[in-house]
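The structure under discussion appears below in the form of structure tokens.
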Amino acid sequence: MSSISHLKEPARDLPVAGTFDVVVCGGGPAGVAAAIASARAGARTLLLEVQGCLGGIWTSGLMPWVLDRGNKGGLMQELDEALRRKDRPITASPGDGEKAGGASGYDVEAAKHGLEQCCLAAGVQLRLHTRICAVLRDGQRITAAITESKSGREAWCARFFIDTTGDGDLAIRAGCGFDYGRPDAPEEAQPMSLNAMLCGIQLEAIRPFVNRYNHGGMRAKDALKALMTELGVEPSYGAPTLFHVYDDLFLLMANHQYNARGFDADDVTRATIAGRDELRHLVTALRGAGPEWRDLQLVATSAHIGVRESRRIHGRYQVTKDDIARGARFDDAVCRVKFEVDIHSTNPTKSKAYGADGIKVQPYDIPLRALIARDVDNLMMAGRCISGDFFAHASYRVTGNAVAMGEAAGQNAARAALANLPTL
């Protein structure tokens, strides 16, 4: 029997599951902010999310830190409260100051509940466990986002759409152009990391190995790597990092999964399996490092591997390396970025750590035009899939900025939808 490379799927009528003013695709930090801002502006708003919770990298990705939040007002301050436990005080990790514009740890389960309640209180309609799979267009406008879920294939109609998927899944299915990878090596992009939550260790006993707590002597990341190497396990990330979240809960980021594209299911699968296997080996080895490590337990690995870099959708303006180096200002600014250029090595034969490629960031603005799709009239982006080059993306991609972008996108999409404008 000859192999078949393609099959023709029969045409069928799709049920319209709902009609809205604004549909937001992707329930991570940018998507939550966009949906809340849109609903508060009076727009009928739907938020679609593929995972079983909101929060994206904050929750499914087990990265309980908000980087570059210190100078952000508006929804960032509200969501910061929603991320934290209200039922009891916790001994949380301190912020890391100006380097990241302020950051602090929070409780992942509290964040899941808090973000849902914020959206519901704003009047956002939520649909979890639902993936964007196609788009219907009429000329230059999107008419419907098509999804697959336990409810089957459905259409969601709206006047305006916002892509907060991180990977630009909605935009690419709408026919938008995009960039990917280094300008001199487009096949090279930042690696993924699968995070892990650990318990069974005490801060005071392992302080020299914990990020932000090692004052003097060898840097905590270097000390942790040296310990792992001594134990016979070489981490794929050259700067393995142990964060104290609160009480006896710790976060471990110790793996780099190279040459994996966030928009390729086979790549994401391979990266996830390899990352989880490596974390097991690292934790098992650390248990043999002495009595202070003996009771170390792997509590959880992230439900979705952390993708640092994916598609950067073409917008009406591209944020560039020059913009971030000169501290660009724009009349249509939606937020100011202070975070450094943070490029996790794209080529493990050269390095397995991270760096800035010699670029020093001056606080700079993200303009609204970088959030407006170039190739489709009624589409905006927020989060790491906005229009920017490789180097600028390595700075603005963190979640404090994603929230601010999402808030601006939600407000503007709602305003345009309610005014029945064909485009922004």
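Going letter by letter, the sequence shown gives residues -7 to 416 in my numbering. Yeah, the Cβ is synthetic: ideal placement off N, Cα and C, and Gly gets one too. Fair warning: this is a prediction, and the values are worked out from it, not measured in the lab.
Beta-carbon contacts of residue i that lie in its chain and below 6 Å, excluding the five residues immediately before and after
| i | result |
| --- | --- |
| G66 | E399 |
| R11 | Sequence check: residue 11 is Thr here, not Arg. Correct list, in chain order: C149. |
| R376 | G158 and R389 |
| K64 | G392 and A396 |
| V116 | A27, A31, T37 and L39 |
| E140 | R123 and C125 |
| L195 | H236 |
| L120 | E41 and G44 |
| A33 | Q403 and A406 |
Between the CA atoms of residue j and residue i - distance to the nearest angstrom
| i | j | result |
| --- | --- | --- |
| V329 | D60 | 7 Å |
| D269 | P227 | 12 Å |
| A126 | Y205 | 47 Å |
| R318 | T264 | 38 Å |
| K142 | A27 | 23 Å |
| F382 | K313 | 8 Å |
| G94 | F331 | Its pLDDT being 44, under 50, G94 is placed unreliably by the model, and the measurement read from it follows with that caveat. About 10 Å. |
| S98 | A409 | In the sequence as displayed, the identity of residue 98 is Tyr instead of Ser. The straight-line gap from Cα to Cα measures roughly 35 Å. |
| V58 | R165 | 30 Å |
| R272 | A246 | 11 Å |
| S294 | E284 | 25 Å |
| I198 | T221 | 17 Å |
| P420 | L162 | Coverage of the chain is limited to positions -7 through 416, which leaves residue 420 absent and any answer about it impossible. |
| V100 | L71 | 13 Å |
| H248 | A266 | 10 Å |
| A114 | H105 | 14 Å |
| R151 | A411 | 10 Å |
| R145 | V8 | 10 Å |
Beta-carbon proximity list for residue i, same chain, < 8 Å, skipping 5 on both sides
| i | result |
| --- | --- |
| Q109 | A74 |
| G160 | C168, F170, F255, S302, R303, R304, I305, M373 and C377 |
| V202 | L195, A212, L234, F235, H236 and F242 |
| A292 | L54, A188 and M189 |
Residue i - containing alpha helix (DSSP H), residue span
| i | result |
| --- | --- |
| T391 | T391 to L410 |
| E73 | L67 to A74 |
| V382 | Sequence inspection shows Phe at residue 382; the Val mentioned does not correspond to that position. Its alpha helix (DSSP H) spans residues F382 to Y388. |
| E301 | Neither: E301 is in no alpha helix (DSSP H) and is coded neither H nor E. |
| D161 | D161 to R165 |
| V24 | P21 to R32 |
Element boundaries [beta strand (DSSP E), containing residue i]
| i | result |
| --- | --- |
| E140 | R133 to S141 |
| D357 | Y356 to P359 |
| D130 | R123 to D130 |
| M189 | A188 to C191 |
| I378 | Per DSSP, I378 belongs to no beta strand (DSSP E) and is neither H nor E. |
| L195 | Unbroken run through L195 is the alpha helix (DSSP H), L195 to I198; no beta strand (DSSP E). |
| R174 | Note, R174: premise wrong, no beta strand (DSSP E); not H, not E. |
| R151 | G144 to D155 |
| H236 | T233 to Y238 |
| M372 | L371 to M373 |
| T415 | Note, T415: premise wrong, no beta strand (DSSP E); not H, not E. |
| T37 | T37 to L40 |
| M210 | Here M210 belongs to no beta strand (DSSP E), and DSSP marks it neither H nor E. |
For residue i, the three-state DSSP class (helix, strand or coil)
| i | result |
| --- | --- |
| R272 | helix |
| G94 | A caution first: G94 carries a pLDDT of 44, below 50, which makes its placement in the model unreliable, though a value can still be read off. Here G94 sits in coil by DSSP. |
| I364 | strand |
| R286 | coil |
| L(-1) | coil |
| T51 | coil |
| D13 | strand |
| V353 | coil |
| V260 | helix |
| G106 | helix |
| T312 | coil |
| F322 | coil |
| C45 | coil |
| L219 | helix |
| R417 | In the structure as shown, the chain begins at -7 and stops at 416. Residue 417 is therefore absent and cannot be evaluated. |
| C168 | coil |
| S343 | coil |
| R253 | coil |
| L120 | coil |
| F201 | helix |
7 Å CB neighbourhood of residue i in its chain, flanking five on each side removed
| i | result |
| --- | --- |
| G224 | A277 |
| M417 | The requested residue 417 does not occur in the structure, where the chain is confined to residues -7 to 416. |
| D315 | Y356 and A384 |
| Y309 | P359, R361, A362 and S379 |
| P178 | Y172 |
| T135 | L128, R129 and C149 |
is_contact[residue i, chain B] using C-beta, thresh 7 Å
| i | result |
| --- | --- |
| D349 | Absent from the structure is chain B; it holds one protein chain and no more. |
Inter-stretch contact (C-beta, 8 Å, three-pair minimum) for the region 247 to 267 and the region 176 to 193: The region 247 to 267 is in contact with the region 176 to 193.
Cβ contact (3+ pairs, closer than 8 Å) linking the region 165 to 178 and the region 272 to 292: no
Stretch-stretch touch, CB-based, cutoff 8 Å, three pairs: the region 14 to 21 with the region 39 to 56: Touching, per the Cβ criterion.
Stretch pair the region 318 to 327 + the region 350 to 366: three plus CB contacts closer than 8 Å: yes
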